[in-house]
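In the working numbering, the protein residues as written are 7 to 208.
Okay, here's the thing in structure tokens:
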């Protein structure tokens, strides 16, 4: 007849769980328990003779320290800085992509021309705006309206992108200046307002 057995080490880590007709042999320093753990996420408290659930894993970088039964992050401070900066940059790219979401690539490639003409027109309303005038004609609106719409979009995009770039650089600086693990992990993007429209005439 098969019976449940677990072999655990001195830290309570399950080395083997099995159904067997007789108790398995335990190496020195190990203990045989006449039952299986409730799940793989349990360890054995050898003093209380009970199964204990492992605490939730804080992150993929954490490893379980069996002698103390706690999760620890083995990364050095420099490794932690690099990982935190990578996360900050990834979130920055996500927020930057939100500024231009919904606009096709071919239209985005025209934004430098639109921006250049709109800013020139803002500085001198006699400045030529042939590209914007062509868009206005195709769109069926007056050139002056097109210039004003584009200038407003350009200014809104500049404001949003300045905030985005400046915030990312401030977060990078904070990570580099952090002296402890806790300070590094505390560096995160603050909530930002809804993204402004990109430099398009729409």
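The C-beta atom is built at its ideal place from N, Cα and C for all residues, glycine as well.
As the crow flies, the alpha-carbon of residue 86 is around 52 Å from that of residue 131.
Within the region 63-103, the complete beta strand (DSSP E) segments at least 3 residues long are 69-71 and 76-78, listed from N- to C-terminus. Here the alpha carbons of residue 141 and residue 120 stand approximately 10 Å from one another.
The criterion of a C-beta distance shorter than 9 Å is satisfied by residue 12 and residue 38. Cβ contact annotation for residue 78 (same chain, cutoff 7 Å, sequence separation greater than five): 68, 69 and 71, in chain order.
If you check the CB distance, residue 124 and residue 153 come in under 9 Å.
Sixteen is the threshold: when 16 or more other Cβ atoms of the shown chains lie within 10 Å of the Cβ of residue 135, as they do, the residue is buried. Three or more beta-carbon pairs separated by less than 8 Å are not found between the region 103-111 and the region 41-50, which leaves the two stretches without contact. Within a 10 Å sphere around the beta-carbon of residue 172 sit fewer than 16 other beta-carbons, which makes this residue exposed. If you ignore the 5 residues before and after residue 75, its C-beta comes within less than 7 Å of the C-beta of 49, all in its own chain and listed in chain order. Listed as beta-bridge partners of residue 57 by DSSP are 50.
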